Amino acid sequence: MYFKPGSQPGGILHSLPHDPFKACVVPRPIGWISTISATDPETHNLAPYSQFNNLTFDPPYVMFSVNQKPDQQRKDTVLNAELTGKFCWNLATWPLREAVNISAEQVEYGVDEFERAGLEKEYSRALPGDPVPMVKDSPVKFECVYHTTLRLPANPPMRAVNVVIGRVIGVHIRDDVLTDGKLDVSKTQPIARCGYFQYTVVRENFEMIIPGMDEATHAELERNSAIHSKVKMLENGSEQPNGARPVNGV
Numbered sequence: 001m002y003f004k005p006g007s008q009p010g011g012i013l014h015s016l017p018h019d020p021f022k023a024c025v026v027p028r029p030i031g032w033i034s035t036i037s038a039t040d041p042e043t044h045n046l047a048p049y050s051q052f053n054n055l056t057f058d059p060p061y062v063m064f065s066v067n068q069k070p071d072q073q074r075k076d077t078v079l080n081a082e083l084t085g086k087f088c089w090n091l092a093t094w095p096l097r098e099a100v101n102i103s104a105e106q107v108e109y110g111v112d113e114f115e116r117a118g119l120e121k122e123y124s125r126a127l128p129g130d131p132v133p134m135v136k137d138s139p140v141k142f143e144c145v146y147h148t149t150l151r152l153p154a155n156p157p158m159r160a161v162n163v164v165i166g167r168v169i170g171v172h173i174r175d176d177v178l179t180d181g182k183l184d185v186s187k188t189q190p191i192a193r194c195g196y197f198q199y200t201v202v203r204e205n206f207e208m209i210i211p212g213m214d215e216a217t218h219a220e221l222e223r224n225s226a227i228h229s230k231v232k233m234l235e236n237g238s239e240q241p242n243g244a245r246p247v248n249g250v
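Have a look at this one:
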């Protein structure tokens, strides 16, 4: 089949009972985003978004995309991130799937989704000002400084989609989800969005090395700290092949 997405509400022209577009781009990582309000007293917010990903890794930037409310107001997560200049990302996992779903419910501003979902909090370490709560039981968490928002045009009733970008300045990884120094998806069991109301859980993976890739390039892509540091030292002339240092070395 072939169809052109419509430019107006209801203008998606296909013969299927449900729009297939979101089911084509799968699986999508979940942006389980926690924020604090700029109000006094401060409130805590937690919500999942199915449009989330990393943008770069050196330095690391991430993004999440949020539809505006039908009244064209920004959602709490976007408002909080923009006004406070910070947010946290929490890895959504199989054991936490029900809490993720509970935190997706639309509630009044100021309602604490951590409490509604029965989640224990821990707090950011690197972010400036008041700390941001994070999901304690999530095995991987990012602390992010707000960078910018791209406001993309959208069809009514939303009118706009807010793409929030942040720079990661702190990473939390629970020790028990590491195997041989690598994150182990069989231990983290991340969940991801598919189309419709469907999710998937990742428990298996496989490895493929690009043919012809040399050790230095592979180290750069994987950020192998030991190999990467040695390559940089050789490039900068701070270590000789026989291990001797240059005359001006320390």
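If you're matching positions, the sequence shown starts at 1 in UniProt numbering and goes up one per residue. Where is the CB? At the ideal position from N, CA and C, for every residue including glycine. These figures come from a predicted structure and were not determined experimentally.
Continuous alpha helix (DSSP H) assignments of at least 4 residues falling wholly in the region 103–187:
Entirely contained in the region 103–187, the alpha helix (DSSP H) runs reaching 4 residues are, in chain order, 113–116.
Is L13 helix, strand or coil when you go by DSSP?
In the sequence shown, the residue the question calls residue 13 occupies position 13. In the three-state scheme derived from DSSP, where H, G and I count as helix and E and B as strand, L13 is classed as coil.
Start and end residues, beta strand (DSSP E) containing T200:
Stepping through the sequence shown from its first residue, residue 200 is reached at position 200. It spans Y199 to V201 - the beta strand (DSSP E) in which T200 sits, taken as one unbroken run.
Counting C-beta neighbours from all protein chains within 10 Å, is the total for Q72 16 or more, i.e. buried, or is it exposed?
Taking the first residue of the sequence shown as 1, we reach residue 72 at position 72. Around the beta carbon of Q72, fewer than 16 other beta carbons sit within 10 angstroms, so the residue counts as exposed.
In three-state terms, what does DSSP make of R97?
As a working note, residue 97 is residue 97 in the sequence shown. The three-state secondary structure of R97, taken from DSSP, is helix.
Nearest-angstrom Cα distance between L178 and C144?
Numbered from its first residue, the sequence shown carries residue 178 at position 178. Numbered from its first residue, the sequence shown carries residue 144 at position 144. Their Cα atoms are separated by approximately 22 Å.
Just to confirm the assignment, what range does the beta strand (DSSP E) spanning V66 have?
Residue numbering aside, residue 66 sits at position 66 when the sequence shown is read from its first letter. Counting along the chain, the beta strand (DSSP E) containing V66 begins and ends at P60 to N67.
Note down the Cα distance separating P95 from D40, rounded to an integer number of angstroms.
In the sequence shown, residue 95 corresponds to position 95, counting from 1. In the sequence shown, residue 40 corresponds to position 40, counting from 1. So the alpha carbons of these two residues sit roughly 34 Å apart.
Helix, strand or coil at F52 according to DSSP, with G and I counted as helix:
Taking the sequence shown and counting its residues from 1, one reaches residue 52 at position 52. In the three-state scheme derived from DSSP, where H, G and I count as helix and E and B as strand, F52 is classed as strand.
So the alpha helix (DSSP H) K22 belongs to, where does it begin and stop?
Indexing the sequence shown from 1 puts residue 22 at position 22. Secondary structure note for K22: its alpha helix (DSSP H) is the uninterrupted segment F21 to C24.
Three-pair Cβ contact test at 8 Å for the region 82–89 versus the region 122–131
With a cut-off of 8 Å, the region 122–131 and the region 82–89 count as touching, because enough Cβ pairs lie within range.
Assigned secondary structure, H44 (DSSP; H/G/I helix, E/B strand, else coil)
Position 44 of the sequence shown holds residue 44. Collapsing the DSSP output to three states places H44 in a strand.
Hey, could you find the ends of the beta strand (DSSP E) A192 is sitting in?
In the sequence shown, counting from the first residue as 1, residue 192 sits at position 192. Run containing A192: I191 to R193, per the beta strand (DSSP E) assignment.
Residue range of the alpha helix (DSSP H) that includes T84
For the purposes of this step, residue 84 is taken as residue 84 along the sequence shown, with counting starting at 1. DSSP places T84 inside the alpha helix (DSSP H), whose first and last residues are D76 to T84.
Local Cβ density within 10 Å of S15, reported as buried at 16 or more and exposed below that:
Walking along the sequence shown from the start, residue 15 turns up at place 15. Taking all protein chains in view, the Cβ of S15 is surrounded by fewer than 16 other Cβ atoms within 10 Å, so the residue is classified as exposed.
When the Cα atoms are used, what is the spatial distance from G31 to A92?
By 1-based counting over the sequence shown, the position of residue 31 is 31. By 1-based counting over the sequence shown, the position of residue 92 is 92. Each residue's Cα considered, the two are about 8 Å apart.
Quick one: give me the first and last residue of the beta strand (DSSP E) that T39 is part of.
Translated into positions along the sequence shown, residue 39 becomes position 39. T39 -> no beta strand (DSSP E), and no H or E assigned at all.
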